[in-house]
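Shown next, in structure tokens, is the structure this report addresses.
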Amino acid sequence: MPRTVDLDDRRRIVGEAAWRVLVREGPTGVSVRKVAAEAGLPPSSLRYTFPTQASVRDAAVELLVSRLRERVDRAAAATGGRDAARAVLLELLPLDDERRAEMEVTVAFAALALTDPSLRAAHEQTHAAVRDVCALALAHLGARGAAGAGDGVRTHAAPGTRAVAGTAAAAELVDVDVELTHAVVDGLALHLLAQAVGTDASWAVTALDAHLALLALRP
């Protein structure tokens, strides 16, 4: 048991160090040597659990996804229905330093993965994490009832399943709304990254609210 605890603690320390290097130098700047130096450990001590550049990079991505999920869980637990949908989606927008760093890394992986197959898995992991949050948001939105309680209101089901509005003939794939919401969030995030740090970002929150309102009004 002590050995397991030690390994878990080592993964946490290395993951946090790898994340700092990743934020500072980008995906291509992560190496075993740099991460070891950041963690205050000799490189040889990482070779067993993190033998390659990809393994330390993966540790940083796992930390990113874990922190995102923790924030999303807290946001969802604090409220419900449409408010929960809004709260969890706001966790995806770069509205503070932590979320901005996460989105910069996510965008960097997406761009570099186009030409570097070794980064494809990391990109797919972050992409899937964002999509999962969008699916969770729509599940909260559907649980409330799109335009209020009652029959005939479309509800949201899990990704890959069908949500029925009124009758089976009105069924539609929920994935369409998940993908639409994912695209809206990605677009807003990219525009926020492009604008100067510290400038007004309230327009993005307003746009997100408008998207949720449109989803709620759809028959």
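Numbering (this note's numbering), first residue to last: 1 to 219.
Ideal placement from N, C-alpha and C gives every residue a C-beta, glycine not left out.
A quick note: this is a predicted structure, and the numbers were derived from the prediction, not measured.
Any idea what DSSP makes of residue i, helix, strand or coil?
i	result
Q195	coil
A157	Here the model assigns A157 a pLDDT of 43, short of 50, so the residue's position is not dependable and the matter cannot be decided.
S45	helix
I13	helix
G26	coil
G81	helix
G40	coil
A165	Any reading at A165 must be qualified, since the residue scores a pLDDT of 47, below 50, and its modelled position is unreliable; the value itself is stated next. A165: strand per DSSP, three-state reduction.
Quick one: give me the first and last residue of the alpha helix (DSSP H) that residue i is part of.
i	result
V61	53 to 77
T206	202 to 217
Could you check how far apart the C-beta atoms of residue i and residue j are, in whole angstroms? I think they sit under 8 Å.
i	j	result
R57	L22	7 Å
L141	R82	6 Å
T181	C134	4 Å
A18	A54	About 11 Å separates the two Cβ atoms, so there is no contact after all.
A87	A78	7 Å
R24	T49	Not a contact, Cβ separation roughly 22 Å.
P42	A36	6 Å
L95	V185	Going by Cβ atoms, the distance from L95 to V185 rounds to 12 Å, so no, they are not a contact pair.
Determine whether the Cβ of residue i lies closer than 8 Å to any Cβ atom of chain D.
i	result
G26	Looking for chain D here will not work: only one protein chain is present.
Using 7 Å as the cut-off, classify the Cβ of residue i as near or not near the heavy atoms of the ligand SAM, replying yes or no.
i	result
A84	Summarising the ligand content, the structure contains no ligands, and the ligand SAM is consequently not present.
Query raised in the report: Whole alpha helix (DSSP H) runs in the segment 90 to 127 with 4 or more residues, listed along the chain?
Result: When DSSP assignments are scanned along the segment 90 to 127, the uninterrupted stretches of alpha helix (DSSP H) that are 4 or more residues long and fall wholly within it turn out to be 97 to 112.
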